[in-house]
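Enquirer:
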Amino acid sequence: MYPAIISNYIAPKTVAEALDALGRNAGATVFAGGQSVMQAIKARLHQAECIVDLKQVKELRGVSVAGGAVAIGPMTRYVELIDETKLRPAYQAINDAATTVADRQVRNRGTIGGSLCWNYLAADMPPVVLALDAELDLQASGGKRRTVRITSFFKGALETDRADNELLTRITLAAPPRHAGSAYKKWSTQTDGLPIVGMAAYVETDGKGTCTKARLAVGGVLPVTRRAGKAEALLVGKRANDGAGIAAALQAAAEEIDPQGDRWVEGDYRKVLIHDLGRQVVATAFERAS
Ligand SMILES: Cc1cc2nc3c(=O)[nH]c(=O)nc-3n(C[C@H](O)[C@H](O)[C@H](O)COP(=O)(O)OP(=O)(O)OC[C@H]3O[C@@H](n4cnc5c(N)ncnc54)[C@H](O)[C@@H]3O)c2cc1C
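In this note's numbering, the protein residues as written are 59 to 348.
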């Protein structure tokens, strides 16, 4: 389907110009890689009278490290994140997810910030960034700035805490301790497809292999991508070779998340996936932490 008429297209070169454009055009649609929002526009699910395209805003791209903390520009594309070594090993789950998003065309255009702001139920980056406990910087057209923890950012399917006149300007991951690792894996009904379940794990150890902190996030489940807090608590004190202990934690995750069924798979099958993918990502996260 052809989109409804887009009467105004603005391509700012700086964040200041982009915010100015948002201020002057109430309800303008921010455009990153266009891989989600353009589909909605073409299907006439979303009408965009004015588009503010961030593609030329260089300051919103790239990954940098300062004092051990990692800052990711929201306009960093999946293709750029696949081999980004600054994320390893603590935040390597981002590499994993970027590798498995869709196909090459989508990875060449789609951005991490676009994925978080769209917050599609079955997307790869939301569970990863949730497990990594990121902080998001937002700037409003009036100049107001705020930082939001990712746990408060996702509100519901396709809903976030971002206001219409705000831009996501940075994703920050705290300086990790020496022994930290993460991993992501998904299962989908087709190669390069959206996840039926996507599991992200982050693990810190005491340097001798015992888990001191764990975060687990599950995507592809209603009503929103979320953490499995009970399972995280159960993982603390476990070692990578404690199969029974890790299985008990994942059982708790499946029960806590209690996924629904849909036209693709039954809820119980999603529980099996939480268990199976969970076992794999926890093992990889432990390995990377060591
Ligand atoms: C064929 C196909 C297959 C796909 N398969 C997968 C898959 O397997 N896994 C997966 O995770 N995703 C998949 N996707 C979605 C893809 O990952 C999108 O790229 C992503 O969801 C959105 O990123 P984008 O940069 O394209 O954002 P856009 O579509 O440009 O924007 C998405 C939303 O975010 C807002 N936005 C973007 N950047 C900012 C910002 N800096 N500040 C404020 N608001 C902003 C926009 O206004 C819009 O509401 C697929 C898409 C297609 C077309």
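From the three backbone atoms N, C-alpha and C, an ideal C-beta is built for every residue, glycine too.
Using a threshold of 8 Å, state whether the C-beta atoms of Y242 and V340 are closer than that.
Expert: Contact flag unset, no.
Enquirer: For G301, does the three-state DSSP call read helix, strand or coil?
Expert: Reduced to three states, the DSSP call for G301 is helix.
Enquirer: With DSSP run on the structure shown, which of helix, strand or coil describes T134?
Expert: The answer is coil: DSSP assigns T134 none of H, G, I, E or B.
Enquirer: Where I170 and G131 are concerned, what is the direct C-alpha to C-alpha distance, given to the nearest angstrom?
Expert: Distance between the alpha carbons of I170 and G131 is about 8 Å.
Enquirer: Is it true that the stretch 227-245 meets the stretch 140-149, where meeting means three or more beta-carbon pairs spaced less than 8 Å apart?
Expert: The stretch 227-245, when compared against the stretch 140-149, does touch it at the 8 Å Cβ threshold.
Enquirer: Do you know how far the Cα of V115 is from the Cα of L226?
Expert: Distance between the alpha carbons of L226 and V115: 12 Å.
Enquirer: Is the beta carbon of D191 less than 8 Å from the beta carbon of R82?
Expert: Against a cut-off of 8 Å, the Cβ pair of R82 and D191 comes out as no contact.
Enquirer: Below 8 Å between beta carbons: does that hold for L112 and A90?
Expert: Yes; because the gap between Cβ atoms is below 8 Å, this pair is in contact.
Enquirer: Alpha carbon to alpha carbon, how far is A232 from A127? Give it in angstroms, no decimals.
Expert: Straight-line Cα distance between these residues: approximately 5 Å.
Enquirer: Given 8 Å as the limit, is there contact between the stretch 201-216 and the stretch 295-307, that is, 3 or more CB pairs closer than that?
Expert: With a cut-off of 8 Å, the stretch 295-307 and the stretch 201-216 do not count as touching, because too few Cβ pairs lie within range.
Enquirer: Does the beta carbon of G201 fall short of 7 Å from some heavy atom of ligand 1?
Expert: It does not: the Cβ of G201 is nowhere closer than 7 Å to a heavy atom of ligand 1.
Enquirer: Near I68, which residues of its chain fall below 6 Å by C-beta distance, leaving aside the five closest residues on each side in sequence?
Expert: Hits under 6 Å: A79, V110.
Enquirer: Looking at A106 and I140, is the spacing between their C-beta atoms short of 8 Å?
Expert: Their beta carbons are not under 8 Å apart, which means I140 does not touch A106 by this criterion.
Enquirer: Should the stretch 312-332 be called in touch with the stretch 210-224, which here means at least 3 C-beta pairs below 8 Å?
Expert: They do not touch, by the three-pair rule.
Enquirer: Using three-state DSSP, classify A347 as helix, strand or coil.
Expert: Here A347 sits in helix by DSSP.
Enquirer: With a threshold of 7 Å (Cβ to nearest heavy atom), would W322 be considered close to ligand 1?
Expert: Because no heavy atom of ligand 1 lies under 7 Å away, the Cβ of W322 does not count as near it: no.
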